[in-house]
Every structure is written in structure tokens, then in C-alpha cells.
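> Keeping their order, the protein sequence lines are chains A and B.
Numbering-wise, my numbering puts 121 at position 121 of the first sequence, and it's gapless, one number per residue.
Numbering-wise, my numbering puts 1126 at position 126 of the second sequence, and it's gapless, one number per residue.
Pasting a structure below so you can have a look.
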Amino acid sequence: MAGAGGPARLLELFGTMLATRRFEEVVYALFAEGHFSGHYHLYIGQEATGAAVIGHLSGRDTIFSTHRNHGHLLARGGDPAAALAEILGRAGGIGGGRLGTFHLADPAIGMPHTSALVGGAVPLAAGSAFGAKLLKTGGVSVGFFGDGAFEEGVVFETLNLAQLWRIPVLFVCENNTPGALTRAEGGSNTSYLPGGRVSPVPEALGIPTHVVDGADLEAVDALAADALARVRRDGGPVFVEALTIRWPGNQSQYPTMATGETDLAMAWDAGRIGNEHRGWFAADDPVLRAARRLLELGAADAAALQAMDAQVRARMAAARETALASPLPDPATALDHVLAGAAR
Amino acid sequence: MTYSEALLGAIVEAMDEDERVALVWGSLGGVSGIKLDFGSLRDRHADRIVDPPISEAGIVGIATGAAMAGLRPIVPIGTGSFLFRAWDQLIHEAGGAHYMSNGRVTAPLVIHIRHGMRGGGGVQHSQSPQAMLWNAPGIEIAMPSTPADAKGLMRTAIFSDNPTVFLDHQMLLRREGPVPDGKHAVPFGKAAVARPGRDVTVVAASLQVVAALAAAATLAADGIEAEVIDLRSLVPLDQEAILNSVGRTGRLVVADECAPRCSIASEIAATVAEKGFDLLKKAPVRVNRLPSHVASSPVLEDALRPDAGRIAAAVRGLMD
């Protein structure tokens, strides 16, 4: 499938993906070094979906995300230093330390609010689009959520309402493989959806629904272009199920860096891939896949990709230092912003 | 004018005046048999009135997202018991929106419910969720008792930048009273003295104000002058009005349809005990619904109800 904007566009989206990957590696390191506490979730393995979909949005549009939101924020143009500071609970964070990793959002970039409750932001995304429709702003919304959201009733309610009220919203289910934790690993079956696919549900409601390989940057890019064009043209909901293979480090609470810091050279030098997690490196990692595709298309050579990576790493290292240098919030501000308007 | 007509008047005015105001259709008249004339409103603002399916969580979530986008949705949920189905969206998303953005996002929606014991509502149609709501940060709570306040508080709720839960008592919808013409706004956080008196302060909201006034009339025949304070809003709370009144009377009764544990009455009594202990001649008394579900049978329902008789008895107990 051809990308929506050719190799140059793919290279740009790859830059977003790589920034997200390096950002998440910094988050992992900060946690491992004890700089923040509480459980957290990384977007590793899903970078192509967020980068490609969000790459088609304008400033009028909004996105809503989940507990796995870091990649969405960065793709939407969020500041990595302010995001890291927020994760660390610092005054210089996007929300002054009120959000943490669970709720990264920034209304200045069209990402008003992030819900860490499973399915919680799905109606908000529809609502934002509903507001835009009634206020005639021309904006649309994208709601990102995982396959687990289909275990929550409010998601069905929202899909039904989006059809009934003709709401211009793109639902993007990032299906990172349901039921991936076996019982032995502490998991259990959570859904009877056939094949672990959620798409039969929106299909049953008559919502235009598409399934895509969520780790295929070109495919998601092309589909997102079509899907968003349809949302804007028809003024109703469209549903995309983006399938990805679950990153081996993705656990229900604390990620592990199972696949190590990403070695970009694996994209062009298969000899660097060992036996452990071979399938991930060879076929599933969206960052390595996109790098290989860029090389194939001649959009960049290995040296250019390495140079890009060096720049991204330097940017994230600087963001890390900025975040760590940010002061802690003043405890006297803990009551600020409970209510809008005068303090009560 | 009836309470229902006054309430509708505020909504009609706001929709005519401001195109950000939208109505997620519901049943403002509910099962009361009251027929309100929404017809011309729908004609004028068809694009801003939508008909909801039975999806409280989805509707409140969508209204919250729409409010974040700049709309001012009014969401009639109907019977207050149903609000629990949207609890997560209300408490965590709408209630948290401003805080979670460090003050940059607002969610100015109005959720309208009819709370309380209404005769035959039983366990699942008689809830008074105001005490549980009061425990949640980030949500304003309005509870009028008169037609004029229904209109004035609704206007304030619609134009507030916070999520507001607006509670009518089912049994107030037909209450008659004078209503100011035009754009009548009653600010939140300003209690009203529904009846002045020197001997005892009775604090109430919503239908309990009516019960307290009935109790006060009975007590007056015996020479006991009860001052009835109508809170009008719980968030923000007019603590000053309560403490001023108790400062004059030295006695406090709080009438409240919530069950007693962690109730409106509990919070008011605790507040006065903390901030006005020296003003009190006697310990405050709470008159609540008895600590039970609401039974369907009228006899059992009456046995649970905090009514004028129980309020008057509580007052007499303080006058020894």
C-alpha cells in the first residue's frame, strides 16, 4: 500500500516513532533509577499507529488517550521535557505535577484530557467531536483505546451514540493482542470476541470499520488518511482496529526492558539479532520495520537513520536533564484548580 | 408559576441567548405527569437538542467531552438513582477535568436529576445522591426549593465553568411561587433565610426546606421561633450564613433526606461543631432519612421520611 505522502512523509513519521521509542526508554531508565514511583505503561510496539493517525490531524482536531498515552502526546507535538517532568511529578511538568504518567495531556496541542480508566476517554473523544459539530468548528476527534476497552460497557454506549447522533469521531482501537498474559503469568481470559478482534462490534452498529496491521507505518498512514477524510466528509464515526504484536516488555503494571534499548542497526544488519525475542526484532517491532521500509524505498540510508537517531537521543537526553532539574511543586498549591473560577 | 415552568424558563432563555447551550433531551417533568411546552424550543434549536438512548454513562461522557470543547450541555438524567450509572464519567472525567489540566480545561456541563422519595419509587428510584456527590471534588451542587431559585440557580449552573449537578426533588415540581421575569440569576454559595427566627436554626435544602417551613409554622403556634436556612447550593457552601444564624439562635437542627452516615446533615453539624462550638447551647441534631433503603409501600416509606413532624420534634428536644 502506498503511503499518503510518499517517502518524505514516511521519514517524518518515522522521526516521531523514533522519538517516542527513545522517550520511553528514558522513562524506563528514570523509573529504574528510582526517580518516580507508581506503575506506568509504555507505548513501545505501537508507535506506528499513533504517529500515522495523529499525523493527519489539524489544530482544530482533538485526541483523547489512555494510560498508554506517551506516544500520543509526542506525536501530537507535546514537549518531551515537560512530559518527563510531569511523569516525575515536577512543577515544570505539563500539569504541574497533577497528571503523572497516567494523564499526560496538553490542551494547547489539541489533547485536552487523558483518562487512565479503561474506556474512560472513548465517550470524551466522541463528546469533543459532538461539541465541535454543534459549535461548527470543523474539527474532528480521535479516540485511542486498547482492546481491553471492549470489556467496558461505556464503550458500547459511545459507539451506539456516535452513530445515533452522527458524531464525527475516529475510534482507533490499538489492539496489542488481547489475553496475552497466560494464566501462568497471572492473566486470564478476558473476552470472547472471536479471534480477539473487536471490529465485529462497531460493524454490528453499522459503523464503517477497518482492520489494519498497526505496526505497518505505510498501511496505517494510508488508512488513517482515508478514514479521517471519511469522518470529515460524512460527519459520522469511523472505526479502525490497529493490530500489533505485544511488545515482550509490556506487562500489566511495570514494564520490563525485555528487548533492551533498541538497536536501530538491527534494521539493516540482521546479524545483530540474537535468538532471544528474534520474532520481535525481525518482524514485529514497528520502529525496525519502518526503518527497513525507508531503506527499501531509498528514503534514507543507514547512515542517515543513525544520524537521525543520534539527534533524537540527544534531544531526549536533554529533555531528561531539563525534567530532572525542574523543581518539585509547592505543596501550598495542592488545592489549586479543584474548581474553575474563584477558590472556594 | 410552578417550579417546573420556572426551570424550563431558565433553559429556554439560556438556549435563546447563547448558542453554546445544548440540551440532551430528557424528561424534565419525569413521571409527575407534568407536561411542559418544549415544542417551540425544539423548533428554534433543533440542532442543539438531541434525544438520548438509555446510556447514562455514554451520555455524561459525551457531554463532558463536548463541554471540554466549549459547549454548555444540559443533561437531564431523570430519576436521580440513574446518575450512579454515570458515576465514573461524572466523578473522574468531568469532576477531574479542571484539576487534571492544571486549570486549563473546563467542563461546564449541567447534569439535572430528580432526587428523593417520591411515593412508590422503592429502592432503585428514590435516591438522594447529594451526600455522595458532595464528597467528590470539582463538582458544584445546586438544590433549589422554590420556583424562583429553580430558575435563578439553573441560570447560574448553565453559565458556570464547572460541572454542576442540579437536583430537583420530585415532589417540588408542582410547587407554586413568584418568579422574577427575565434573566434571573441566583449565585451559588448564598443561602437564603427562608423564615427568620430567634430560637433555633433549621438548615435544609430542596424539599427539606418545605418540611422545615411546615415544622416552623407548627412550632410558632407554641411560641418557638425557628429560623429556616435554605442552603440553595452545597458546593459552594454558605458556611457564613449557617454560623451567623447559629450565632443568633444557639441551636442547630439539620434536615436531610440522605441516610445519616456521612450525610449533608453530618457535614453541616460537623462544620458548626468545628467552627462554631462556642455558639452552641446544645449539641446539633440531625434529622435524616432513617438508615435504610427506601421501601416501596407508602407506610414504610413514610416511616423512613424526615418530615415536618420529626423536624419539629427535634427542635422541641433542643428547647428544654
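Backbone N, C-alpha and C fix where the C-beta goes; we use that ideal spot for every residue, glycine too.
I need the DSSP call for residue 1247/B, collapsed to helix, strand or coil.
If DSSP states are grouped into helix, strand and coil, residue 1247/B belongs with the helices.
> Residue 1135/B touches chain A at which residues, Cβ-Cβ below 9 Å?
Correct list: empty, because the minimum Cβ distance to chain A is about 13 Å.
> Quick one: what's got a C-beta closer than 6 Å to residue 1009/B's C-beta in the same chain, skipping five residues either side?
If we look at residue 1009/B and ignore the five residues flanking it on each side, its Cβ neighbours are 1151.
> What would DSSP say about residue 1187/B, mapped onto helix, strand or coil?
Reduced to three states, the DSSP call for residue 1187/B is coil.
> Residues of chain A with a CB under 8 Å from the CB of residue 1071/B: which are they?
Neighbours of residue 1071/B on chain A, chain order: 130, 131, 134, 135.
> Residue range of the alpha helix (DSSP H) that residue 23/A falls in?
Residue 23/A -> alpha helix (DSSP H) spans 6-32.
> Less than 8 Å between the beta carbons of residue 270/A and residue 295/A, yes or no?
No, the pair does not count as a contact, with Cβ atoms beyond the cut-off.
> Mind checking which residues open and close the beta strand (DSSP E) that includes residue 102/A?
Here residue 102/A belongs to no beta strand (DSSP E), and DSSP marks it neither H nor E.
> Going residue by residue through the stretch 1232-1293 of chain B, where are the continuous beta strand (DSSP E) segments of at least 3 residues, counting only ones entirely within it?
Qualifying beta strand (DSSP E) stretches, in chain order: 1233-1235, 1252-1256, 1285-1288.
> Write down every uninterrupted run of the alpha helix (DSSP H) in the stretch 190-272 of chain A whose length is 4 residues or greater and which is fully enclosed by it, in chain order.
You should have 200-204, 217-234.
> So is residue 333/A buried or exposed if we call it buried at 16+ other beta carbons inside 10 Å?
Flag for residue 333/A reads exposed.
> Could you list the residues in the stretch 1085-1106 of chain B with a C-beta less than 7 Å from some C-beta on chain A, going in chain order?
Per Cβ criterion, the list reads 1088, 1089, 1092, 1093, 1097, 1098, 1099, 1100, 1101, 1102, 1103, 1104, 1105, 1106.
> Is the Cβ of residue 1076/B closer than 8 Å to any Cβ of chain A?
It does not; no Cβ of chain A falls within 8 Å.
> Measure the Cβ-Cβ separation of residue 74/A and residue 36/A and say whether it is below 8 Å.
Result no, Cβ atoms of residue 74/A and residue 36/A do not sit closer than 8 Å.
> Reducing DSSP to helix, strand and coil, say where residue 1304/B ends up.
Three-state DSSP puts residue 1304/B in a helix.
> Spell out a yes or no on whether the stretch 248-265 of chain A and the stretch 198-212 of chain A are touching, meaning 3 or more CB-CB pairs, one atom from each, closer than 8 Å.
No, the stretch 248-265 of chain A is not in contact with the stretch 198-212 of chain A.
> Please classify residue 154/A: does DSSP put it in a helix, a strand, or coil?
Looking at residue 154/A - three-state DSSP - the assignment turns out to be helix.
> DSSP three-state call for residue 1019/B: helix, strand or coil?
Of the three classes helix, strand and coil, the one that applies to residue 1019/B here is coil, per DSSP.
> Identify every residue that forms a DSSP beta bridge with residue 1112/B.
Answer is 1076/B, 1166/B, bridged to residue 1112/B.
> List, in chain order, every chain B residue whose beta-carbon is nearer than 7 Å to that of residue 81/A.
Correct list: empty, because the minimum Cβ distance to chain B is about 16 Å.
> Along chain D, which residues have their Cβ under 8 Å away from the Cβ of residue 1044/B?
Absent from the structure is chain D; the protein chains it does hold are A and B.
> Where do the ends of the beta strand (DSSP E) carrying residue 1159/B lie?
First-last for residue 1159/B: 1147-1159, but that is the alpha helix (DSSP H), not the beta strand (DSSP E).
> Beta carbons nearer than 8 Å to chain A: which residues of the stretch 1117-1141 of chain B have them?
Correct list: 1137, 1138, 1140.
> CA-CA distance, residue 1097/B and residue 1106/B?
Taking the straight line from one Cα to the other gives about 6 Å.
> My output table needs one value for residue 281/A: the three-state DSSP class, helix, strand or coil.
Note: residue 281/A maps to helix in three-state DSSP.
> Measuring only between beta-carbons, confirm whether residue 1064/B sits less than 8 Å from chain A.
Yes, its Cβ sits closer than 8 Å to a Cβ of chain A.
> On a CA-only basis, which of 1011/B, 1012/B, 1207/B, 1284/B is nearest residue 1172/B? Give me that one, please.
The option with the nearest alpha carbon to residue 1172/B is 1207/B.
> For residue 1277/B, does the count of other Cβ atoms within 10 angstroms reach 16, so buried, or fall short, so exposed?
The residue is exposed, with fewer than 16 neighbouring Cβ atoms inside 10 Å.
> Take every Cβ of the stretch 93-106 of chain A, pair it with every Cβ of the stretch 123-143 of chain A, and state whether three or more of those distances are shorter than 8 Å.
Cβ pair count under 8 Å is below three, so no.
> Between 321/A, 202/A, 257/A, 55/A, which has its C-alpha nearest residue 226/A's C-alpha?
Ranking 321/A, 202/A, 257/A, 55/A by Cα distance to residue 226/A puts 55/A first.
> With a threshold of 6 Å on Cβ separation, who are the neighbours of residue 1128/B within its own chain once the five nearest residues in sequence on each side are excluded?
These residues qualify, in order along the chain: 1115, 1116, 1257, 1258.
> Ignoring anything shorter than 3 residues, give me the beta strand (DSSP E) runs that lie fully in the stretch 49-130 of chain A, in order along the chain.
Those beta strand (DSSP E) runs which fall completely within the stretch 49-130 of chain A and span 3+ residues are 62-64.
> Output the distance between the C-alpha atoms of residue 223/A and residue 1063/B, rounded to the nearest integer angstrom.
Approximately 29 Å between the Cα atoms of the pair.
> May I ask you to report which of helix, strand or coil DSSP gives residue 44/A?
Coil, per DSSP.
> Give me the DSSP bridge partner(s) of residue 1176/B.
Residue 1176/B pairs with 1002/B.
> Between which residues of its own chain and residue 1214/B is the CB-CB distance below 6 Å, once the five residues before and five after are set aside?
Closer than 6 Å at the Cβ level, and outside the excluded window around residue 1214/B, lie 1308.
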